[in-house]
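There are 2 protein chains.
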Amino acid sequence: MIAEILCIGTELLMGQVLNTNAQFLSRRLSALGISQYHQTVVGDNAARLEAAYRLALSRADVVITSGGLGPTADDITKRIAAKVAGQELVLFPEAEEMIRTRFRQYRKEMTANNLSQAMFTPDTTVLLNPNGTAPGAIVPMGGSKVVIHLPGPPFELEPMFIDQVEPYLLQRSGRALVSRYIRIFGMGEAAIDLRLRDLMAGSNPTLSPYCSLGEVMLRATASAPTKEEAEALLPPLLDEVRARLGDVIYAIDEDDSGSLARVAVDALKARGWTCAACESLTGGMISAALVGVPGASAVVRGGFVTYQTDTKTLLAGVPAEMIERFDVVSAEVAMAMAQGTRERLDVDVAVSATGLAGPDGGTPEKPVGTVFVGIATRAGARVLPLALTGNRERIRTLTVKHALSQLAKEAGKRVQG
Amino acid sequence: MIAEILCIGTELLMGQVLNTNAQFLSRRLSALGISQYHQTVVGDNAARLEAAYRLALSRADVVITSGGLGPTADDITKRIAAKVAGQELVLFPEAEEMIRTRFRQYRKEMTANNLSQAMFTPDTTVLLNPNGTAPGAIVPMGGSKVVIHLPGPPFELEPMFIDQVEPYLLQRSGRALVSRYIRIFGMGEAAIDLRLRDLMAGSNPTLSPYCSLGEVMLRATASAPTKEEAEALLPPLLDEVRARLGDVIYAIDEDDSGSLARVAVDALKARGWTCAACESLTGGMISAALVGVPGASAVVRGGFVTYQTDTKTLLAGVPAEMIERFDVVSAEVAMAMAQGTRERLDVDVAVSATGLAGPDGGTPEKPVGTVFVGIATRAGARVLPLALTGNRERIRTLTVKHALSQLAKEAGKRVQG
């Protein structure tokens, strides 16, 4: 089965909106084992959209559109698809009912225009939208080809795709798919590629890398006639990946929502520990990442932002003479920040970060990117010295990831760093 | 002049990379007054890429590619364009010299492969790359049509486009362009659209909205034969926008790098004030946003993360009886958090945030989204009560924006909130 993504909207051509829908859909289709060879963006123009439909349908079995399902004259997605199919749009009562319900919920006046959102060609399967007023649709286009219409807003498109389109595509393919998400910190994409290249060339299960700043996620996906058979294909691959990468793997999950912050919070919670952070160059990012994990309140007590030098003394109790003697960016000060914070907040573990995020302030001995992450527990303190590269944002973000990995490690979770 | 963007790379079709290049290029082209009607993504496949070039060149004068300029066999971007142009690739010595220099800088071994990166069709204008080993190129394709090759990594593509491609496009168009970026907080896209629709329909200057969470940016762009003439077209439009929107405009800048955090830091710096934050639901995000502004060290002293209830007493000195009496999510506690932080850190202004980010914890009286932002100065304290909607991430992010806007306002900058 070949799919093609067609995103519709002049706001995309103007660069007013970042096209996250294309990435979301590509990622999900790829996990379903469905090939795609083209993605296209067109504006709200009837002639160009018609040509785009005809071209996409000549190349693919399933054409997935996003956007243009609203009630205004600009919203031509369904009308042009109907024209290409040689069909008329008719009112679907269950779609009308859904739209009326949504307007009641939102306490908004429904206009006559909105009824156009309930109109589709005959034989369409309507996809109800729990998060907005525009229903989606699976529209037969002749032969075995279909166009699938999805609304543009990602918080409407994403659940509709996962809950209603994926089951349709899976049923159509007659296959079951299962995936695992392998999260890696402490090894770069190139090094991972070198070690796993032969595994990444496999076709069932597949193994694909997804990279973000300082982290790589691998997705392992197996397909088989039943879910159980697909599940059985995964363990040998996962064992092999574990054997080759070792401790840099910090989690293997059934979904892709994992993060270093969640791993740290879960590990601390499992141990019954509380934590706190004392942050200079990261200015609150470590605490914010921890607090972003649902359920963090049992673990995260609070923290200090100690940006100006004397606040490290005032808030975290770092002796001023120590700062004078060793410099504010030093292993000693990082450890004292963590220790002082641990004591003052009475937590089981505290983490600290002091360093040079740049662009100014570097010296030959301490270049920009010099960072010390301190870790203190009731048993003592230690420090992780880092020599990071890149711009201010990158240095701060990598520091946060190292700090989170140290918290997880201290709580007993094996994490590289 | 019509342009078309062609992004090349199987990693985009797999969803492994978010296509920020397409948005960057669309936005810049739109600011240059250059129309685009299609964007396409294709993988590293010779036949499909050749068809994509031919289609794009049939529709556009300028085809801009991103990706596929590396030294490996997968990198076919230049080779296929040469085939479409009916030309051979030849070695360009200045490109070879650039690549050799880059390898010396990176202290890496150059391989024979890398020389392929210095090969282009005759009459190509080479675009040197200060941030990587792949030069870009402006390649004549017959008639007045060109293909412009840019490297895939955004930190290479973006400066190359701004510094080398924009001057070429401007010279080619014979026009000069100037823009202003109008930043708005406290009014939604729909309300702005209602007030400015006639101005957004104008063609010179143009006025285009760019939306992000809780904020709208408008770009006003004028074009004329000279920069001076273009500049002269902007003031009447800017005056009209100011008259219609008023205080919701918090900045009008010559570039688009502004933010509420920068406006707050600049306003505080101009007044010679220091600041601090005391954060519960935002968990450090307010401080992190302030510290993210270069030059924040003169203004941001530090701050508290007071996530667990008793840390509001321990760190910020909020009386435990007050929390007991009014609830931890209350106007009184928000003000006391700000006042205690202001005193303990001895700053001119402190801001605080306490509230319910959800998903759990809401009640009929205090639903999820109930947030109080406290502001304390040496003159006293006040509170901004908010009733926000959306998920946890949205509620936290909007709280940060309100807190930043309050800091800016307190420092004397007129900002709505």
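Those protein sequence lines, which keep their order, are chains A and B. The working numbering puts the first residue of the first sequence at 1, with every later residue one more than the last. The working numbering puts the first residue of the second sequence at 1001, with every later residue one more than the last. Each residue gets a CB set at the ideal place from its N, CA and C atoms; glycine is no exception.
Which term fits residue i, buried or exposed, when burial requires 16 or more other beta carbons within 10 angstroms of its beta carbon?
| i | result |
| --- | --- |
| B/D1348 | buried |
| B/N1113 | exposed |
| B/P1159 | exposed |
| B/I1162 | exposed |
| A/V90 | exposed |
| A/G417 | Residue placement at A/G417 cannot be trusted, given a pLDDT of 46 that sits under 50; what the coordinates show is reported in the next sentence. A/G417 is buried by the Cβ-count criterion. |
| B/A1243 | exposed |
| B/E1436 | This structure cannot settle anything about residue 1436 of chain B, because the visible part of chain B is limited to 1001 through 1417. |
| B/H1149 | buried |
| B/L1213 | exposed |
| A/Y106 | exposed |
| A/F155 | exposed |
| B/K1108 | exposed |
| A/T226 | exposed |
| A/R301 | buried |
| B/P1205 | buried |
| B/T1389 | exposed |
| B/Q1171 | exposed |
| A/L407 | buried |
From this set, the options, which residue's C-alpha is nearest residue i's C-alpha?
| i | options | result |
| --- | --- | --- |
| B/A1264 | B/V1017, B/A1411 and B/D1061 | B/A1411 |
| B/A1051 | A/V62, A/L49 and A/H38 | A/H38 |
| B/N1131 | A/T397, A/N391, A/L404 and A/E229 | A/N391 |
| A/Y181 | A/A81, A/P235 and A/N129 | A/P235 |
| B/T1274 | B/V1291, B/K1108 and B/L1281 | B/V1291 |
| A/K83 | A/P167, A/A46, A/M98 and A/M200 | A/A46 |
| A/V328 | A/V300, A/E279, A/G303 and A/G302 | A/E279 |
| B/L1245 | B/I1005, B/P1225 and B/L1218 | B/L1218 |
| B/V1042 | B/L1281, B/M1141 and B/A1022 | B/A1022 |
| B/L1169 | B/P1154, B/V1147 and B/M1187 | B/V1147 |
| A/L196 | A/L32, A/L237 and A/D256 | A/L237 |
| B/L1398 | B/M1187, B/L1233 and B/S1203 | B/M1187 |
| B/E1166 | B/A1031, B/L1069 and B/L1055 | B/A1031 |
| B/S1257 | B/R1183, B/G1142, B/T1311 and B/L1388 | B/R1183 |
| A/K145 | A/T309, A/A3 and A/Q87 | A/A3 |
Just curious, the beta strand (DSSP E) that residue i is in, first and last residue?
| i | result |
| --- | --- |
| B/E1279 | C1275 to E1279 |
| B/I1182 | A1176 to F1185 |
| B/V964 | Because chain B spans 1001 through 1417 in this model, residue 964 of chain B falls outside it and cannot be assessed. |
| A/A379 | It is not in any beta strand (DSSP E) - A/A379 carries neither H nor E in the DSSP assignment. |
| B/Y1037 | S1035 to V1042 |
How is the alpha helix (DSSP H) around residue i delimited, first residue to last?
| i | result |
| --- | --- |
| B/R1342 | A1331 to L1345 |
| A/S30 | T20 to A31 |
| A/M160 | P154 to M160 |
| B/Y1419 | Outside the shown range of chain B, which is 1001 to 1417, sits residue 1419 of chain B, and nothing can be said about it. |
| B/E1235 | One detail in the question is off: residue 1235 of chain B reads as Pro in this sequence, not Glu. Element bounds for B/P1235: K1227 to L1245. |
| A/Q406 | R392 to E410 |
| B/E1189 | E1189 to M1200 |
| B/I1286 | M1285 to V1291 |
| B/S1212 | Careful: B/S1212 lies outside any alpha helix (DSSP H), inside the beta strand (DSSP E) at T1206 to S1212. |
| A/D418 | Not covered by the structure: residue 418 of chain A. The range shown for chain A is 1 to 417. |
| A/S58 | A46 to R59 |
| B/T1010 | T1010 to L1013 |
| A/M322 | A320 to F326 |
Taking C-beta to C-beta, are residue i and residue j nearer than 8 Å?
| i | j | result |
| --- | --- | --- |
| B/I1286 | B/A1353 | yes |
| A/L345 | A/A276 | yes |
| A/T121 | A/I138 | no |
| A/A331 | A/V383 | yes |
| B/T1065 | B/I1008 | yes |
| B/L1281 | B/G1355 | yes |
| A/G374 | B/G1284 | no |
| B/I1080 | B/Y1053 | yes |
| B/P1135 | B/Q1117 | yes |
| A/Q16 | B/Y1250 | no |
| B/M1001 | B/S1173 | yes |
| A/E240 | A/V178 | no |
| B/N1019 | A/N19 | yes |
Counting only Cβ pairs nearer than 7 Å, list the residues of chain D close to residue i.
| i | result |
| --- | --- |
| B/M1200 | Of the chains in the structure shown, none is chain D; the protein chains are A and B. |
Next item on the list: Count the CB pairs spanning the stretch 1320 to 1339 of chain B and the stretch 1251 to 1262 of chain B that are closer than 8 Å, and state whether there are at least three.
Entry: No, because fewer than three Cβ pairs between the stretch 1320 to 1339 of chain B and the stretch 1251 to 1262 of chain B fall closer than 8 Å, the two stretches do not touch.
Notebook entry, point to check: For the 8 Å Cβ check, are there 3 or more pairs between the stretch 1267 to 1284 of chain B and the stretch 1294 to 1301 of chain B?
Noted result: yes
Next item on the list: Would you be able to state if there are at least three C-beta pairs under 8 Å between the stretch 91 to 102 of chain A and the stretch 54 to 63 of chain A?
Entry: No, the stretch 54 to 63 of chain A is not in contact with the stretch 91 to 102 of chain A.
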